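Accompanying notes for the structure given below.
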Amino acid sequence: MSLTTILPIAAALGLSAGGLVLAHRAWAARRRAAAGVAGAIALWAASTAIWAETFGAEIGIALALETGALVAFAGILMRAERRPDRDRKERVLTPPPAEPGARWRGLARFMVSGPLAFAAAMAVSVLMATSAPTDPQTRLVIAGLSVPTLWAILMLYSMAEKRMLRSSMYMSIIIAGVTAYSLLPKDPT
Numbered sequence: 019m020s021l022t023t024i025l026p027i028a029a030a031l032g033l034s035a036g037g038l039v040l041a042h043r044a045w046a047a048r049r050r051a052a053a054g055v056a057g058a059i060a061l062w063a064a065s066t067a068i069w070a071e072t073f074g075a076e077i078g079i080a081l082a083l084e085t086g087a088l089v090a091f092a093g094i095l096m097r098a099e100r101r102p103d104r105d106r107k108e109r110v111l112t113p114p115p116a117e118p119g120a121r122w123r124g125l126a127r128f129m130v131s132g133p134l135a136f137a138a139a140m141a142v143s144v145l146m147a148t149s150a151p152t153d154p155q156t157r158l159v160i161a162g163l164s165v166p167t168l169w170a171i172l173m174l175y176s177m178a179e180k181r182m183l184r185s186s187m188y189m190s191i192i193i194a195g196v197t198a199y200s201l202l203p204k205d206p207t
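In terms of the numbering used here, the sequence shown opens at residue 19 and continues consecutively.
Put into structure tokens, the structure is as follows:
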């Protein structure tokens, strides 16, 4: 590797780390959180621009996302602390009394949230595949790879939400919005 490659890599990693530090400080200081988050986004955007300029847009953006995740993981590992285990008392835990129908509600929540989250993830991915301003091959790859991630995120949200109706309504709005957008007339040029 030449110096013309190593310097941009070091600069991009430094900007990613700086963005991580700003984001962490913004999280800790609630009063000035907006400025810290804006600075973190600006540093991450500059890092992404350096990666894209050095390695091309297709590889550079992927490298920016991956190194950003690795820098964040390194930050988490550096802040981790190991505490000695406390002595535990021998106790017999009795399970809390089950609410009547709680098992059926859990099954119903799972049966509703899975297909609905999948439909919402597919709707957003189809929108990306048809409307993203890139090459057709890139749009298809991005849309195809985003389905499992979106599905997992939406399923996690709908399972964590206390009210099943609210998450079902949000995902139905996503599906309806994407469907309405896809039915709009397109410019043939």
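Glycine included, C-beta positions come from ideal geometry on N, C-alpha and C.
Predicted, not measured: the structure shown is a model, and the values here were computed from it.
Between the Cα of R123 and those of A52, L183, R157, P26, spot the shortest distance and give me the residue it belongs to. Numbered from 1 along the sequence shown, position 105 holds the residue referred to as residue 123. Answer by Cα proximity: L183.
Using the beta-carbon count (16 or more within 10 Å), is I6 buried or exposed? Only positions 19 to 207 of the chain appear in this structure, which leaves residue 6 out of reach.
Mind reading off the beta-carbon distance from L158 to A141? Whole number of angstroms is fine, and I expect it under 8 Å. Residue 158 sits at position 140 when you count from the first residue of the sequence shown. Residue 141 sits at position 123 when you count from the first residue of the sequence shown. Rounded, the Cβ-Cβ distance is 16 Å, inconsistent with contact.
In its own chain, which residues sit with a C-beta less than 6 Å from the C-beta of V144, not counting the 5 before and 5 after it? In the sequence shown, the residue the question calls residue 144 occupies position 126. There are no such residues.
Leaving aside the five residues before and after F169 along the sequence, list all residues of the same chain whose C-beta is less than 6 Å from its C-beta, in chain order. Taking the first residue of the sequence shown as position 1, residue 169 is located at position 151. For the sequence presented, residue 169 should be read as Trp rather than Phe. Excluding positions up to five away in sequence, the list reads A135, F136, A139.
Taking the alpha carbon of L202 as the reference point, which residue from S185, T156, S149, S131 has its own alpha carbon closest? Taking the first residue of the sequence shown as position 1, residue 202 is located at position 184. Closest by alpha carbon: S149.
Quick check: the stretch 56-67 against the stretch 91-105, are at least 3 beta-carbon pairs closer than 8 Å? no
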